[in-house]
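Undergrad:
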């Protein structure tokens with residue numbers, strides 16, 4: 005296969021006491037990529053990430069279910085009713101410098117930062133080198149509006 009190519013990088017900051025939640029979502033839903041394109045996310049903690057300050061929470065193995073409809077509710081997100089019961093969620097606290105590597109279809113989110121500590125991270129996304137960008141396909145795969153799907 006093609007070599008991996010970084011196509012997106014971002015800084016993620018949750019200030020103490022006010023850092024907002026990131027509702028459940030699949031990262032792939034945010035990118036204009038052809039259906040079936042493998043996406044790998046790398047999330048690196050710059051501060052200790054705890055349950056209290058909004059560490060990542062995952063649905064292990066959830067990527068195997070494929071793309072799920074996303075809705076404009078509090079963000080571009082999975083429906084809250086699809087956010088799974090607590091038995092299907094795994095928090096991933098990390099030490100400073102710890103890293104998570106996950107599939108772009110893995111459902112995940114973060115809670116609000118209600119602690120007195122900041123939570124900063126950097127995230128990178130990789131796809132096979134040369135992957136084209138396609139505008140309309142993303143909503144055909146992940147969009148719910150116009151397809152009779154409701155949240």
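Numbering (the numbering used here), first residue to last: 5 to 155. We put the beta carbon where it would ideally sit given N, CA and C, even for glycine. Please read these numbers as outputs of a predicted model, since none were measured by experiment.
1) Let me make sure I understand the geometry here. Which of 138, 35, 134 and 38 has the alpha-carbon closest to that of residue 5?
2) Can you check which of these residues, 37, 48, 35 and 55, is closest to residue 23 by C-alpha distance?
3) What is the DSSP secondary structure of residue 72, reduced to helix, strand or coil?
4) Under the three-state reduction of DSSP, which class applies to residue 66: helix, strand or coil?
5) Measuring only the C-alpha atoms, how far is residue 41 from residue 78?
6) Does the structure place the segment 10-20 close enough to the segment 92-106 that three or more beta carbon pairs sit under 8 Å?
7) Flag this pair as yes or no: are the beta carbons of residue 109 and residue 53 separated by less than 8 Å?
8) If you reduce the DSSP assignment to three classes, tell me which class residue 106 lands in.
9) What does the alpha-carbon distance come out to for the pair residue 83 and residue 9?
10) If residue 80 sits next to residue 29, beta carbons under 8 Å apart, how far is it from one beta carbon to the other, in whole angstroms?
TA: So, from the listed chains and residues:
1) Taking the chain shown and counting its residues from 1, the one referred to as residue 5 is at position 1. Checking every option, the nearest Cα to that of residue 5 belongs to 134.
2) Within the chain shown, numbered from 1, the residue matching residue 23 stands at position 19. When each option's Cα is compared against that of residue 23, the closest is 55.
3) Start at 1 with the first residue of the chain shown, and residue 72 comes out as number 68. Coil.
4) Looking up residue 66 in the chain shown gives position 62. Residue 66 falls in the helix class under three-state DSSP.
5) The sequence position of residue 41 within the chain shown is 37, counting from 1. The sequence position of residue 78 within the chain shown is 74, counting from 1. Taking the straight line joining both Cα atoms gives about 27 Å.
6) no
7) In the chain shown, counting from the first residue as 1, residue 109 sits at position 105. In the chain shown, counting from the first residue as 1, residue 53 sits at position 49. Result no, Cβ atoms of residue 109 and residue 53 do not sit closer than 8 Å.
8) As a first step, residue 106 is located in the chain shown; it is residue number 102 there, counting from the start. Strand, per DSSP.
9) Stepping through the chain shown from its first residue, residue 83 is reached at position 79. Stepping through the chain shown from its first residue, residue 9 is reached at position 5. Pairing residue 83 with residue 9, the inter-Cα distance amounts to about 31 Å.
10) One-based indexing of the chain shown puts residue 80 at position 76. One-based indexing of the chain shown puts residue 29 at position 25. Indeed they touch by this definition, with Cβ atoms about 7 Å apart.
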